[in-house]
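The C-terminal position of the sequence shown is numbered 459 in the numbering used here, with every residue numbered one higher than the one before it. Written below as structure tokens is the structure these notes are about.
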Amino acid sequence: RIRPEGSDEKVDLQKRARWIAQLGDVSTGEPVVANGLVWVGTNNGNPRDANQTKDASVLMCFRESDGKFLYQYVSPRLAPAPGQVYWRRVDWPETSLASAPLVEGDRLWFCTNRCEVVCLDISQLLNGNGLPKVVWKYDMIEELGVQPRATMIGSHASHSSVAGYRDFIYVNTTNGRNIDGAVDGVGAPEAPSLICLRKDDGKLQWQDNSPGTDIIYVQHGSPTLIEVERRAQVVMGQGDGWVRSFDALTGTMIWKFDINPKGVKKHPFYNGNASHFVATPVFHRNRLFIVGGRERELGAVDGTLFCLDPKQMGDISEELLGEDGAALENPNSGVIWKYVGHGEKRDEKMHSALSNVAVHNGLVIAPDDDGLVHCLDEQTGEWLWAYDCFSIVVGAPLIVGDRVYVTDEDGDLAVLKLSRELQLLEELSLRNTTESSPTFANGTLYVSTRRSLMAIDGR
1 RIRPEGSDEK VDLQKRARWI AQLGDVSTGE PVVANGLVWV GTNNGNPRDA
51 NQTKDASVLM CFRESDGKFL YQYVSPRLAP APGQVYWRRV DWPETSLASA
101 PLVEGDRLWF CTNRCEVVCL DISQLLNGNG LPKVVWKYDM IEELGVQPRA
151 TMIGSHASHS SVAGYRDFIY VNTTNGRNID GAVDGVGAPE APSLICLRKD
201 DGKLQWQDNS PGTDIIYVQH GSPTLIEVER RAQVVMGQGD GWVRSFDALT
251 GTMIWKFDIN PKGVKKHPFY NGNASHFVAT PVFHRNRLFI VGGRERELGA
301 VDGTLFCLDP KQMGDISEEL LGEDGAALEN PNSGVIWKYV GHGEKRDEKM
351 HSALSNVAVH NGLVIAPDDD GLVHCLDEQT GEWLWAYDCF SIVVGAPLIV
401 GDRVYVTDED GDLAVLKLSR ELQLLEELSL RNTTESSPTF ANGTLYVSTR
451 RSLMAIDGR
């Protein structure tokens with residue numbers, strides 16, 4: 001049963017909130033809680049500073065205990081290059097800052113709408129003695145020549161979240177494809193898609209441009225750090241439809257995996273049916289889980305959820321391309337299992353995904369962009385159940401104990417039981433569209449909608 005009986009009654013979640021903070025009027029950032037502070041990305045739709053009222057992307061900070069506004073980093077819009085037409089803009093009006101910051105002690109790193117990586121010293125804010133200061137800023141357009149690409153639909157900005165390991169951070173540059181009716185192609189194929197910077201001074205450690213001229217459209221997926229057999233890997237789904245793993249310290253490629261069947265059409269608009277990546281790979285118990293996806297303006301396609309073995313090396317795709325152009329079985333494939341569906345009906349298929357999966361207690365929770373939340377067996381990939389949100393799911397599901405929290409664009413929060421049988425515990429109304437993932441910290445659930453950030457007692 002896709003949607004349990006009696007599941008149409010919704011509870012107003014705002015009535016349960018311990019505090020509610022106003023954001024801008026477009027907010028897609030995931031709340032990050034650290035050291036008594038809550039950070040979230042939004043825009044300047046509701047200016048908090050009378051001296052900064054122009055359109056901008058904003059990183060806001062609130063006090064964890066009571067939601068008091070403490071600080072904001074305001075990042076002005078990036079002006080189009082001379083002669084640049086509307087379709088090629090890299091920083092759309094009213095766009096939210098979408099990058100979730102990385103916080104370690106008194107340092108914070110994030111990506112701006114301007115394709116910059118910023119490091120803040122937040123020690124004064126933590127001590128209550130002042131505001132954060134910029135330690136360094138790395139402009140990826142100026143330094144690397146990247147040409148970021150942002151989409152029109154879905155409030156998606158052209159930047160992703162950073163990942164950290166030891167003394168380094170890893171960033172998707174969002175180098176993309178130009179499509180404006182006159183120009184079609186990757187404007188900067190030599191520019192890197194993934195970079196490694198030093199945490200302390202922002203110096204470039206290594207870079208990689210593997211997708212090159214094959215970028216299908218945009219690159220919005222975030223990198224993830226994993227450790228396999230005492231070796232740190234940076235894994236990222238990239239804009240040509242390949243997942244690649246790199247040595248975290250040297251940038252040497254370890255393995256690569258093609259999410260698409262061989263021979264699939266890869267043009268974004270002209271009958272293309274290929275997936276690239278919006279979601280971030282998820283690592284759990286020496287396995288990697290990833291679903292291919294594509295931006296909503298390109299149209300939905302059938303999807304595949306893969307479970308991979310990241311201990312492999314080289315090309316670990318399911319198929320190889322033979323000399324005659326035919327697909328061949330790959331003897332070095334890293335596929336442990338895959339799920340495409342178990343029938344031909346809509347609710348029996350896996351669709352492409354914007355969201356990450358979540359894995360816990362032997363179960364994989366995998367939303368897709370058709371509004372279905374699938375539950376599969378972690379070991380075998382056996383389909384167990386699906387819940388229909390009747391709305392697009394953008395944010396990743398959150399698992400807390402035996403509960404699964406899923407938000408959707410209709411402004412609902414579904415609370416499901418983490419079990420092998422479908423059980424809807426509660427459906428809550430957020431009163432506004434939600435495009436980010438919920439966060440749980442110190443007994444509190446944090447949910448951001450387009451206009452507000454809510455803290456709900458989760459005990």
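Just so you know, even glycine gets a beta-carbon here, dropped at the ideal spot from N, CA and C.
Just curious, the beta strand (DSSP E) that ASN43 is in, first and last residue?
37 to 43 is the extent of the beta strand (DSSP E) around ASN43.
Integer-rounded CB distance, given that GLY458 should sit under 8 Å from TYR429:
It is worth fixing the name first, because residue 429 is Ser in this sequence and not Tyr. The pair is not a contact, with the Cβ atoms about 17 Å apart (cut-off 8 Å).
Is ALA414 closer than 8 Å to LEU424 when the C-beta atoms are compared?
yes
Nearest to ALA353 by alpha carbon, out of ALA188, TRP337 and VAL373?
Of the candidates ALA188, TRP337 and VAL373, the one whose C-alpha sits nearest the C-alpha of ALA353 is VAL373.
Restricting to Cα atoms, I'd like to know which of VAL11, PRO47 and ALA34 is closest to PHE62.
ALA34
7 Å Cβ shell around GLY187 - same chain, five flanking residues per side excluded
GLN147 and ASN178
When you compare each of VAL228, ILE254 and ALA191 to ASP214 by their alpha carbons, which one comes out closest?
ALA191
Secondary structure of LEU424, DSSP reduced to three states:
In the structure shown, LEU424 sits in a strand (DSSP, three-state: E or B).
Classify THR463: buried if its beta carbon has 16 or more other beta carbons within 10 angstroms, exposed otherwise.
No statement about residue 463 is possible, as the shown extent of the chain runs from 1 to 459 and does not include it.
Validate contact between the stretch 23 to 31 and the stretch 43 to 50 using beta carbons, cut 8 Å, 3 pairs
yes
ILE226 - containing beta strand (DSSP E), residue span:
224 to 228
Cβ shell of LEU204 (< 7 Å), same chain only, five flanking positions each side left out
In chain order, ILE195 and LEU197 place their CB closer than 7 Å to the CB of LEU204, counting only its own chain and leaving out the 5 sequence neighbours on each side.
Nearest-angstrom Cα separation, counted from THR449 out to THR433:
6 Å
My output table needs one value for ASN332: the three-state DSSP class, helix, strand or coil.
In this structure, ASN332 counts as coil in the three-state DSSP scheme.
By a C-beta neighbour count over all protein chains shown, 10 Å radius and 16 as the cutoff for buried, is ARG285 buried or exposed?
exposed
Rounding to the nearest angstrom, what Cα-Cα distance links TRP19 and GLN72 in this structure?
Note on geometry: alpha-carbon atoms of TRP19 and GLN72 lie some 19 Å from one another.
Are LEU249 and ALA232 touching if we call contact CB-CB under 8 Å?
yes
Straight-line Cα distance separating GLU295 from ASP388:
20 Å
Quick check on the DSSP output: what are the complete beta strand (DSSP E) runs of length 3 or more inside the stretch 145 to 218, in order along the chain?
163 to 165, 168 to 172, 177 to 179, 184 to 186, 194 to 198 and 204 to 208
Span separating the alpha-carbon of ASP302 from that of ILE392
15 Å
Per DSSP, HIS460 is paired with what?
The structure shown does not extend to residue 460, since the chain is modelled only from 1 to 459, so the question has no answer here.
Under DSSP, the beta strand (DSSP E) around LEU23 begins and ends at which residues?
That residue, LEU23, is in no beta strand (DSSP E); it is neither H nor E in DSSP.
Which residues does DSSP pair with HIS276 in a beta bridge?
GLY293
Inter-residue spacing [alpha-carbon to alpha-carbon] between PHE306 and ASP377
12 Å
Are the Cβ atoms of CYS119 and MET140 separated by less than 8 Å?
no
Look at the Cβ atom of TRP255, then the Cβ atom of GLN312, and state whether they are nearer than 8 Å.
yes
Which whole runs of the beta strand (DSSP E) in the stretch 88 to 152 are 3 residues long or more, in chain order?
102 to 104, 107 to 111, 116 to 121 and 133 to 139
Evaluate HIS462 with the Cβ neighbour count: other Cβ atoms within 10 Å of its Cβ, from every protein chain shown; 16 or more gives buried, anything less gives exposed.
Nothing in the structure corresponds to residue 462, since the chain is present only between 1 and 459.
Using only alpha-carbon positions, find the residue among ARG287, LEU37 and SER210 that is nearest to VAL359.
ARG287
Go through the stretch 402 to 459 residue by residue and report every complete run of the beta strand (DSSP E) that reaches 3 residues or more, in order.
403 to 407, 412 to 417, 424 to 429, 439 to 441, 444 to 448 and 452 to 457
Does DSSP put GLU30 in a helix, a strand or coil?
The answer is coil: DSSP assigns GLU30 none of H, G, I, E or B.
Which whole-angstrom value describes the C-beta separation of PHE257 and GLY334, a residue pair presumed to lie in contact below a C-beta threshold of 8 Å?
6 Å
Suppose you measure from the CA of THR304 to the CA of SER123; what does that come to, to the nearest Å?
44 Å
Could you tell me which uninterrupted beta strand (DSSP E) segments, each at least 3 residues in length, are contained entirely in the stretch 54 to 80, listed from first to last along the chain?
Within the stretch 54 to 80, the complete beta strand (DSSP E) runs of at least 3 residues are 56 to 63 and 69 to 76.
Within a Cβ cutoff of 6 Å, which residues of the same chain sit near TYR86, ignoring the five residues on either side of it in sequence?
Residue placement at TYR86 is flagged as unreliable, the pLDDT there being 48, under the threshold of 50; a coordinate-derived value is accordingly withheld.
Spatial neighbours of ALA182 in its chain, beta-carbon cut-off 6 Å, leaving aside the 5 residues before and after:
Bear in mind that the predicted position of ALA182 carries a pLDDT of just 48, short of 50, making it unreliable; the figure below should be weighed with that in mind. Excluding residues within five positions, none has a Cβ falling inside 6 Å.
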